[in-house]
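Peer 1: Take a look at this one; I'll ask things after.
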Amino acid sequence: MFDRIAGRYDAMNSVMTAGLHHRWRERAADRAELAPGESALDVCCGTGDFALELSRHVSPSGRVVGCDFSEPMLDLAREKAAARGAPGVRFEWADALRLPYDADRFDAVTVGFGVRNLSDLDRGLGEMTRVLRPGGRLVVLEITQPTRPPLSTFCSLWFDRIVPVLGAVAGDSEAYAYLPESVRSFPGPRGLAEKMDAAGLERIRWTVLAGGIIAIHSGSRG
Numbered sequence: 000m001f002d003r004i005a006g007r008y009d010a011m012n013s014v015m016t017a018g019l020h021h022r023w024r025e026r027a028a029d030r031a032e033l034a035p036g037e038s039a040l041d042v043c044c045g046t047g048d049f050a051l052e053l054s055r056h057v058s059p060s061g062r063v064v065g066c067d068f069s070e071p072m073l074d075l076a077r078e079k080a081a082a083r084g085a086p087g088v089r090f091e092w093a094d095a096l097r098l099p100y101d102a103d104r105f106d107a108v109t110v111g112f113g114v115r116n117l118s119d120l121d122r123g124l125g126e127m128t129r130v131l132r133p134g135g136r137l138v139v140l141e142i143t144q145p146t147r148p149p150l151s152t153f154c155s156l157w158f159d160r161i162v163p164v165l166g167a168v169a170g171d172s173e174a175y176a177y178l179p180e181s182v183r184s185f186p187g188p189r190g191l192a193e194k195m196d197a198a199g200l201e202r203i204r205w206t207v208l209a210g211g212i213i214a215i216h217s218g219s220r221g
């Protein structure tokens with residue numbers, strides 16, 4: 000599915016978020032608290048926007064790895080990195096449930112709009128925690144569901160009715176019908192924090208943005 004939508008992924012993100020997804024990634028990257036010369040891993044990197052944002056924080060001598068299981072997404076990410084002159088970023092294939100990286104390797108691990116797609120969320124969080132160095136930070140940027148009207152009513156209308164229509168216009172109604180399903184089945188902010196705690200993270204906190212539609216979680220490895 001992600002291979003199919005790679006070519007329209009960025010445009011659809013901009014339409015569905017009114018362009019705000021760039022600002023949300025900037026705020027999430029700030030939460031990683033990276034310094035020049037450090038290293039970061041962006042899991043489920045898609046077309047590379049989050050990884051490229053992280054590279055601004057670790058430049059000029061730091062390194063960022065973006066990994067994903069969709070090669071068409073990775074191809075687009077590599078094109079972006081080349082166009083923007085970001086030699087400190089590389090993109091490579093990886094399974095988020097079996098990350099091919101040594102333990103204690105990265106100063107920060109991030110994932111933007113990707114954890115709700117994992118078939119085993121607990122295992123994925125465990126893998127991200129494993130590759131963090133002690134004291135390193137995991138940052139999760141994800142869609143969440145507001146619980147109170149009127150915003151909960153609006154979100155239900157937007158995700159259940161409008162997003163699938165946009166997907167049909169974009170030529171893949173199945174992929175964009177999946178989006179609301181994945182949001183509904185994903186834990187709320189407190190539930191995700193509990194899973195991060197179970198993965199071994201400490202000092203977990205979260206910020207809810209956009210009236211309750213977006214949440215940024217962060218935690219440190221002890």
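Numbering of the sequence shown is given in numbering that gives the first Met the number 0, commencing with residue 0 and proceeding in unit increments.
Backbone N, C-alpha and C fix where the C-beta goes; we use that ideal spot for every residue, glycine too.
At what residues does the alpha helix (DSSP H) containing Ala197 begin and finish?
Peer 2: Pro188 to Ala197 is the span of the alpha helix (DSSP H), which, as asked, contains Ala197.
Peer 1: If contacts are defined as beta-carbon pairs under 8 Å, then Ser217 and Leu137 qualify, I think. What distance do you get, rounded to the angstrom?
Peer 2: About 7 Å separates the two Cβ atoms, so the contact holds.
Peer 1: Between Gly65 and Ala50, is the Cβ-Cβ spacing less than 8 Å?
Peer 2: Their beta carbons are under 8 Å apart, which means Gly65 touches Ala50 by this criterion.
Peer 1: Taking the alpha-carbon positions, what's the Ala93 to Lys79 distance?
Peer 2: The alpha-carbon atoms of Ala93 and Lys79 are separated by roughly 19 Å.
Peer 1: Is the beta carbon of Pro186 less than 8 Å from the beta carbon of Lys194?
Peer 2: Result yes, Cβ atoms of Pro186 and Lys194 sit closer than 8 Å.
Peer 1: Mind listing, in chain order, the continuous beta strand (DSSP E) runs of no fewer than 3 residues lying wholly within the stretch 16-90?
Peer 2: Fully enclosed beta strand (DSSP E) runs of 3 or longer: 38-42 and 62-67.
Peer 1: Give the secondary structure of Arg132 by DSSP, where H, G and I count as helix, E and B as strand, and everything else as coil.
Peer 2: It is a strand residue.
Peer 1: Roughly how many angstroms lie between the CA atoms of Val182 and Ile142, to the nearest whole one?
Peer 2: For Val182 and Ile142, the distance between alpha carbons rounds to 7 Å.
Peer 1: Can you tell me the Cβ-Cβ gap for Leu117 and Leu96, rounded? I've got them flagged as a contact below 8 Å.
Peer 2: With a Cβ gap of about 7 Å, Leu117 and Leu96 count as contacting.
Peer 1: Going by the CB atoms, is the gap between Leu75 and Phe112 shorter than 8 Å?
Peer 2: Not in contact: Phe112 and Leu75 (Cβ atoms no closer than 8 Å).
Peer 1: Is Ala5 near Pro71, with beta carbons less than 8 Å apart?
Peer 2: Yes, the Cβ-Cβ distance between Ala5 and Pro71 is below 8 Å.
Peer 1: Can you grab the Cα-Cα spacing for the pair Thr16 / Leu208, in whole Å?
Peer 2: So the alpha carbons of these two residues sit roughly 12 Å apart.
Peer 1: So, are the CB atoms of Asp41 and Leu53 less than 8 Å apart?
Peer 2: Contact flag set, yes.
Peer 1: Is the beta carbon of Ser219 less than 8 Å from the beta carbon of Arg204?
Peer 2: No.
Peer 1: Considering only residues of the same chain and omitting the five flanking positions on each side of Asp2, which have a CB-CB separation below 6 Å?
Peer 2: Closer than 6 Å at Cβ, skipping near neighbours: Ser69 and Pro71.
Peer 1: Starting from the C-beta of Ala102, find all residues in its chain whose C-beta is less than 8 Å away, skip the five residues before and the five after it, and write them out in chain order.
Peer 2: Same-chain partners within the cutoff: Arg129 and Val130.
Peer 1: Within 10 angstroms of the Cβ of Arg83, are there 16 or more other Cβ atoms? Answer buried if so, exposed if not.
Peer 2: Exposed, because fewer than 16 other Cβ atoms sit within 10 Å of the Cβ of Arg83.
Peer 1: Using 10 angstroms around the beta-carbon of Arg115, count the other beta-carbons present and answer buried if the total reaches 16, otherwise exposed.
Peer 2: Buried is the call here.
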